[in-house]
């Protein structure tokens, strides 16, 4: 034995709470993606529609502004739920583009570089690792969806005066829950594709393929078989149904063109939309569970 | 059985589906430098993953300093792992890299800079700590990896192929560091294909093949256990021919060669103990001058070549 003197002293200082340790992964992940100036520029662009929407809300609630702009007194009413849902739909599209940009770089570099054993040989579980990485996307997507959505809602509530807030509180919930659902779907899909495909461009293309391929498949199924259930593969349609339900909008009019079809039986029930999205999330979790392994099997 | 100061494997097997990782491994590793030696696929990484709590055994039990994977917070606080990865986030500096991993260990921000500085100093990276890792040499990247494994002051340091790709100077420095850490009372577990180098610094050697431990212990002990394999001994003497004629008469001496420089013999014997007795008697009786006696193949490579044969990729 060549241990001459047990002079080594292990660390016995304080430790941070285990519960919030995933935030370290999130913080470093966020720091890394925000180093890209192009991404920061894109985030700024994502905020522009909200400035327009805020302007619309202001004008709609300020008679002097309407007069100044030469708008008829019977101006478009932004207090309608359709306005908020339209805003969310547009921001949802930007959130999708943001996911296609950021999602692929979150997990695959760790897998390619063999860094996962380093994470998991610390007091951090696989679930916490996923939570940390998901937080990166969730923060970015929140910044372009429900956060500005609720700011617009607050502006409207403030300008509209008493009574409006109480009568429309459901809209605030719909903005938050609708965006939250979309963020969950996009985040899990982005992480799963990042874990599955190591090339960034291919992973981004795969995300587009999942959405556009699913849409094409669902609509072809409906047209050919006269059966709406193929639309379960159309994630855009499913989230649209969920949003309509959350905003309590009965008419399909504000939805995208393929959703305008009001033939009998063309729409799926809302519960099926929720189930479809839940299954998509479940599949993503299965992919993550399979791909995120600490071990390397020697061949 | 709880062994507070040791790494204990009790009849441990690990299967990945139908693929064997390791089978029926029983080890009891004391503090100091332990080398895991074996060709690719022999189970080295599986043993390391079991030690670091990354995987659980299919059968048997692993305890690290008396702790099992059921207590991950305590276990991970005592174990430092340095994997083979060699890619770092863009723009990261050596210091921020080490500090980031420290925060994942749970070190509060107030402590991370002190601990990181200590680890970087330990591996001789203080001056380069604030430079980007992208500009580091291979040896510097290896030292930064080592610093992240050391930074939370673990009691068990597991190093997967830490000498890969290092130049001779960096290799010698790393080995000296492992030895120093081992002498301070750490468990330093090293896997390597650089057999003669790990041999030099190892207190303990575990030889693996196809998921089985084929030999384990102090290198001299391992060598002695292989009694049916002739051991080669170098005998330095100015009268090699006279000595050779006397020694070759003994039944356990199977080969005697005069050393190429003409000032000694290389003797192969099946019984080292009997040979040393015979040698003492011979030099006294015949009045032969003897300058030195030393094992000529008492290193990991020789044992490994013997035990595992042609499979080895040893250098």
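Protein chains in written order, with the working numbering: chain A, 1 to 299; chain B, 1001 to 1315.
Quick reminder that beta carbons are idealized off the backbone N, C-alpha and C, glycines included.
Within this structure, are the beta carbons of residue 112 of chain A and residue 133 of chain A separated by less than 9 Å? Between residue 112 of chain A and residue 133 of chain A, the gap from beta carbon to beta carbon reaches 9 Å or more.
Please classify residue 1002 of chain B as buried or exposed, where buried requires at least 16 neighbouring CB atoms within 10 angstroms. Reliability fails at residue 1002 of chain B, whose pLDDT of 48 lies under 50, so the model's placement of it is uncertain and the value that follows must be treated cautiously. Answer is exposed; the Cβ neighbour count stays below 16.
Looking only at C-alpha atoms, which of B:1273, B:1182 and B:1294 sits nearest to residue 1233 of chain B? Minimum Cα distance to residue 1233 of chain B is reached at B:1294.
Coarse secondary structure for residue 8 of chain A, derived from DSSP in three states: In the three-state reduction of the DSSP assignment, residue 8 of chain A falls in the coil class.
For a contact meaning CB atoms closer than 8 Å, what does residue 1078 of chain B contact in chain A? Annotation: Cβ neighbours of residue 1078 of chain B in chain A (cutoff 8 Å, chain order): 10.
Spell out a yes or no on whether the segment 1048-1062 of chain B and the segment 1002-1020 of chain B are touching, meaning 3 or more CB-CB pairs, one atom from each, closer than 8 Å. The segment 1048-1062 of chain B makes contact with the segment 1002-1020 of chain B: 3 or more CB pairs, one atom from each, lie closer than 8 Å.
Are residue 1030 of chain B and residue 1187 of chain B closer than 9 Å when you measure CB to CB? In contact: residue 1030 of chain B and residue 1187 of chain B (Cβ atoms closer than 9 Å).
Partner residues on chain A for residue 1186 of chain B, Cβ-Cβ distance less than 7 Å: From the beta-carbon of residue 1186 of chain B, the residues of chain A found nearer than 7 Å are 8.
Going by DSSP in three states, residue 1109 of chain B sits in which element: helix, strand or coil? The answer is helix: DSSP assigns residue 1109 of chain B an H, G or I state.
Assuming residue 1148 of chain B and residue 1097 of chain B form a contact by the criterion Cβ under 8 Å, report the distance between their Cβ atoms to the nearest whole angstrom. Sure, about 6 Å apart at Cβ, within 8 Å.
Pair within 9 Å by beta-carbon distance, residue 1065 of chain B and residue 1005 of chain B: Residue 1005 of chain B sits close to residue 1065 of chain B, with the two beta carbons spaced by under 9 Å.
Does the pairing of the segment 94-107 of chain A with the segment 1131-1148 of chain B give three or more beta-carbon distances under 8 Å? Touching, no.
Quick check on the burial criterion: 16 or more other C-beta atoms within 10 angstroms. Buried or exposed for residue 1276 of chain B? Flag for residue 1276 of chain B reads exposed.
Nearest CA to the CA of residue 213 of chain A: which residue from A:198, A:226, A:199 and A:230? Of the listed residues, the one whose Cα sits closest to residue 213 of chain A is A:230.
What residues match up with residue 1295 of chain B in a beta bridge as DSSP calls it? In the DSSP output, where bridge partners are listed per residue, residue 1295 of chain B has B:1233.
Within 10 angstroms of its Cβ, does residue 92 of chain A collect 16 or more other Cβ (buried), or is it exposed? Buried.
What do you reckon, are the CB atoms on residue 187 of chain A and residue 141 of chain A nearer than 9 Å? The answer is yes: Cβ separation under 9 Å.
Quick check: the Cα distance between residue 1251 of chain B and residue 1239 of chain B, rounded to an integer number of angstroms? A straight-line Cα-Cα distance of about 22 Å links residue 1251 of chain B and residue 1239 of chain B.
Just tell me which of B:1106, B:1164, B:1157 and B:1083 has its CA closest to the CA of residue 1178 of chain B. Comparing alpha-carbon positions, the option among B:1106, B:1164, B:1157 and B:1083 lying closest to residue 1178 of chain B turns out to be B:1157.
Closest Cβ-Cβ distance between residue 232 of chain A and chain B: below 9 Å? No, no contact with chain B.
Is the number of C-beta pairs between the segment 1103-1118 of chain B and the segment 268-278 of chain A that are closer than 8 Å three or more? The way I'd put it, the segment 1103-1118 of chain B doesn't touch the segment 268-278 of chain A; fewer than three beta-carbon pairs between them come closer than 8 Å.
Does any C-beta atom of chain A lie closer than 9 Å to the C-beta of residue 1090 of chain B? It does: the Cβ of residue 1090 of chain B has a partner Cβ on chain A nearer than 9 Å.
Spatial neighbours of residue 1072 of chain B within its chain, please: CB distance less than 8 Å, with the 5 preceding and 5 following residues excluded, ordered by chain position. The answer, listed in chain order, is 1053.
Suppose you measure from the CA of residue 1263 of chain B to the CA of residue 1163 of chain B; what does that come to, to the nearest Å? The C-alpha of residue 1163 of chain B is placed about 36 Å away from the C-alpha of residue 1263 of chain B.
For residue 90 of chain A and residue 129 of chain A, I'd like the C-alpha separation in whole angstroms. Residue 90 of chain A and residue 129 of chain A have their alpha carbons spaced roughly 31 Å apart.
Where DSSP assigns a beta bridge to residue 1257 of chain B, which residues make up the other side? Looking at the DSSP assignment, residue 1257 of chain B forms a beta bridge with B:1266.
Here's the rule: buried if 16 or more other CB atoms are within 10 angstroms of the residue's CB, otherwise exposed. What is residue 1099 of chain B? Residue 1099 of chain B is buried by the Cβ-count criterion.
In whole angstroms, what is the alpha-carbon distance linking residue 1296 of chain B and residue 1175 of chain B? Residue 1296 of chain B and residue 1175 of chain B: Cα-Cα distance of roughly 22 Å.
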